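Q: Here it is, the structure, as structure tokens.
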Amino acid sequence: MTRKVYIRTFGCQMNEYDSARMADVLQQSEGAVATDDPEQADIILLNTCSVREKAEDKVFSDLGRIRQLKQDKPGLLIGVGGCVASQEGEAIVKRAPYVDVVFGPQTLHRLPDLIRRRIDSGRAQVDISFPEIEKFDHLPPARTDGASAFVSIMEGCSKYCSYCVVPYTRGEEVHRPFDDVLVEVA
Numbered sequence: 501m502t503r504k505v506y507i508r509t510f511g512c513q514m515n516e517y518d519s520a521r522m523a524d525v526l527q528q529s530e531g532a533v534a535t536d537d538p539e540q541a542d543i544i545l546l547n548t549c550s551v552r553e554k555a556e557d558k559v560f561s562d563l564g565r566i567r568q569l570k571q572d573k574p575g576l577l578i579g580v581g582g583c584v585a586s587q588e589g590e591a592i593v594k595r596a597p598y599v600d601v602v603f604g605p606q607t608l609h610r611l612p613d614l615i616r617r618r619i620d621s622g623r624a625q626v627d628i629s630f631p632e633i634e635k636f637d638h639l640p641p642a643r644t645d646g647a648s649a650f651v652s653i654m655e656g657c658s659k660y661c662s663y664c665v666v667p668y669t670r671g672e673e674v675h676r677p678f679d680d681v682l683v684e685v686a
């Protein structure tokens, strides 16, 4: 049976890019296909944003609605990724114990492994580490359904402005090798 994945994206263009890559990773590893209907999904992922408090509140509101889906379909896997995941980590599972995986923007390539570990152990899996630019080395080639696509050239920030969460949620600034970017856009 082909698994269906529903991904809800909050926030910036980086999250749009990351959500597309989550779909690619799950398609390659699990044969999962995207669905626009969370009720049809076997995997629901919320790719979160913590720049605005309202976006963060929406995530927990959505998790409350998804809880009922999980009660009706116990095999449903729920994941929270993105910047709220990086910022909150284990606190998400404490607040919403029905969440199966929590992963940051730099560990989305580990999503299939996190899902397998969740299934094998029966325990929620949290990986919000900031490995050096390793994410790009483990992502499948990007699939595009049109004439344009997001391409990540760099991620994170090293400025640590007093008003900004980016260094804490996306990590230090890292640049992809030029040749890797060229391969992706070719």
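Those letters in the sequence shown? Residues 501 to 686, by our numbering.
The beta-carbon is built from N, C-alpha and C at its ideal position, and this holds for glycine as well.
Source: prediction; values computed, not measured.
Mind checking which residues open and close the beta strand (DSSP E) that includes Lys504?
A: Its beta strand (DSSP E) spans residues Lys504 to Thr509.
Q: For Val576, which of Arg567, Cys583 and Glu590 has the nearest alpha-carbon?
A: Correcting the residue type first, residue 576 is Leu in the shown sequence and not Val. Among Arg567, Cys583 and Glu590, the Cα nearest to that of Leu576 belongs to Arg567.
Q: Report the option in Val685, Met501 and Lys573 whose CA atom is closest to the CA atom of Ile544.
A: Nearest of Val685, Met501 and Lys573 to Ile544, Cα basis: Lys573.
Q: Report the option in Lys558, Ile615, Pro597 and Met501 whose CA atom is closest to the CA atom of Val584.
A: Closest by alpha carbon: Lys558.
Q: Figure out for me which residue from Tyr517, Ser550, Met514 and Ala532 has the closest Cα to the Cα of Tyr506.
A: Minimum Cα distance to Tyr506 is reached at Ala532.
Q: Starting from Gly564, trace the alpha helix (DSSP H) in both directions and tell me its first and last residue.
A: Its alpha helix (DSSP H) spans residues Glu553 to Asp572.
Q: If you follow the beta strand (DSSP E) that Thr548 is in, where does it begin and where does it stop?
A: It spans Ile543 to Thr548 - the beta strand (DSSP E) in which Thr548 sits, taken as one unbroken run.
Q: Counting C-beta neighbours from all protein chains within 10 Å, is the total for Ala520 16 or more, i.e. buried, or is it exposed?
A: So Ala520 ends up on the buried side.
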